[in-house]
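For the sequence shown, the residue numbers in full-length UniProt numbering are 1 to 217.
Yeah, the Cβ is synthetic: ideal placement off N, Cα and C, and Gly gets one too.
To start, the structure under review is shown below, and the notes come after it.
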Amino acid sequence: MTTIAGLAIPSDEFSLGEVLSHPSARIELTQFVPIGNHLLPYFWVGAGYDAAAFERQVRSDPHVASLTDLDGSVTKTLYHIEWTDDAELDGLLGVFRDNDILVEEAEGTATEWRFQIRAHNTGVLEAFQRECLDRDIPIEITQVYHNPTETEIDSYGLTPKQYEALALAFEQGYFTVPRESSLTELAEEVGISRQAYSRRLQRGLRGILAETFQLDE
1 MTTIAGLAIP SDEFSLGEVL SHPSARIELT QFVPIGNHLL PYFWVGAGYD AAAFERQVRS
61 DPHVASLTDL DGSVTKTLYH IEWTDDAELD GLLGVFRDND ILVEEAEGTA TEWRFQIRAH
121 NTGVLEAFQR ECLDRDIPIE ITQVYHNPTE TEIDSYGLTP KQYEALALAF EQGYFTVPRE
181 SSLTELAEEV GISRQAYSRR LQRGLRGILA ETFQLDE
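This is the structure:
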């Protein structure tokens, strides 16, 4: 099964974070897999930033050949960035590439970036962490969970939606003492009512218990 992890890193600890760092800008990256030696060509910036100051700062970087505002909306702006020939993947993005890591999403500010990544398995994620340690890249793994196959979900007597409800509740600390999240918060994240989420969670727990202890529901 694939392994999904969240990680955080200071913005000044990798090249892309340094180039796009600006006090008023919140950067968003969509799903990508680093390939070759080139940095990313597209990124989003959330609303509420000083566009002129941000663009001026990015264009002043010696590794940036050009920066173009492609599409703006009320909530965010899409940019296309062209890099100079000597701008290469290094540091964190290079380790993503070397370990064939899929970046599902990322968000960065002037101080910190947070990534959600997916590895082929736990071994790949561990190799990624070791390489970061060997290269003194100060990442912090904030969460790790597994994405099972449909067969593995079935073996627990769960539907995919029940598995999603259980995994999210576990990840967000619903089962800890004291609780770190509420049913209302979890339901909002999934986009359903509190009552519907509660039923999904209860049925999932019943399914796991029935399969684990070979009980009749």
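Item to check | Simplified DSSP assignment, three categories, for L67 | outcome: The sequence position of residue 67 within the sequence shown is 67, counting from 1. Reduced to three states, the DSSP call for L67 is strand.
request  = Note the first and the last residue of the continuous beta strand (DSSP E) segment covering R114.
outcome  = For the purposes of this step, residue 114 is identified with residue 114 of the sequence shown, where counting begins at 1. In the DSSP assignment, R114 falls within the unbroken beta strand (DSSP E) covering 112-119.
Run the CB neighbour count on E55, radius 10 Å, all protein chains shown included, and call it buried at 16 or more, exposed below. Here the question's residue 55 lines up with position 55 in the sequence shown. Buried, by the Cβ-count rule.
Pull up the distance between the alpha-carbon of A165 and that of L186, whole angstroms please. The residue given as residue 165 occupies position 165 in the sequence shown. The residue given as residue 186 occupies position 186 in the sequence shown. Here the alpha carbons of L186 and A165 stand approximately 8 Å from one another.
Original post:
When the Cα atoms are used, what is the spatial distance from T111 to T176?
Top reply: Position 111 of the sequence shown holds residue 111. Position 176 of the sequence shown holds residue 176. It is roughly 30 Å from the alpha-carbon of T111 to the alpha-carbon of T176.
query = Can the beta-carbon of A8 be found closer than 8 Å to that of E131?
reply = As a position in the sequence shown, residue 8 is number 8, starting the count at 1. As a position in the sequence shown, residue 131 is number 131, starting the count at 1. No, these two residues do not count as a Cβ contact at 8 Å.
Indicate whether V19 and A47 have their beta-carbon atoms separated by less than 8 Å. Position 19 of the sequence shown, counted from the start, is the residue given in the question as residue 19. Position 47 of the sequence shown, counted from the start, is the residue given in the question as residue 47. A47 sits away from V19, with the two beta carbons spaced by 8 Å or more.
Where does V190 sit, in a helix, a strand or coil, going by DSSP? Looking up residue 190 in the sequence shown gives position 190. In the three-state DSSP reduction, V190 falls in the helix class (H, G or I).
- Query: For A196, which residues from the same chain have a beta carbon less than 8 Å from its beta carbon, with the 5 sequence-adjacent residues on both sides left out?
  - Reply: For the purposes of this step, residue 196 is identified with residue 196 of the sequence shown, where counting begins at 1. Counting only Cβ-Cβ distances below 8 Å, and skipping sequence neighbours, we find A187.
Quiz item: So what does K161 bridge to, in DSSP terms?
Solution: Residue numbering aside, residue 161 sits at position 161 when the sequence shown is read from its first letter. Its beta-bridge partners do not exist; DSSP assigns none.
Problem - Limits of the beta strand (DSSP E) - the one that F43 falls within - result: The residue given as residue 43 occupies position 43 in the sequence shown. Unbroken beta strand (DSSP E) run through F43: 42-46.
Anyone know if the C-beta pair for H80 and Y49 falls short of 8 Å?
Counting from one through the sequence shown, the residue named residue 80 turns up at place 80. Counting from one through the sequence shown, the residue named residue 49 turns up at place 49. Not a contact, by the Cβ cut-off of 8 Å.
Q. Residue range of the beta strand (DSSP E) that L78 falls in?
A. In the sequence shown, counting from the first residue as 1, residue 78 sits at position 78. Residue range 76-83 is occupied by the beta strand (DSSP E) that includes L78.
* Asked: Between the Cα of S15 and the Cα atoms of I192, V64, A169, T30, which residue gives the shortest distance?
  -> Here residue 15 refers to the residue found at position 15 of the sequence shown. Comparing Cα-Cα distances from S15 to each of I192, V64, A169, T30, the minimum goes to V64.
What is the rounded straight-line gap between the Cα of I172 and the Cα of L205? As a first step, residue 172 must be located in the sequence shown, where it is residue number 172. As a first step, residue 205 must be located in the sequence shown, where it is residue number 205. The sequence given here places Gln at residue 172; Ile does not occur at that position. Rounded to the nearest whole angstrom, the CA to CA distance from Q172 to L205 is 16 Å.
- Message: By alpha-carbon positions, which one of R194, Q31, A210 ends up nearest to E107?
- Response: What you label residue 107 is simply residue 107 of the sequence shown in a count that begins at 1. Comparing alpha carbon positions, the residue from R194, Q31, A210 closest to E107 is Q31.
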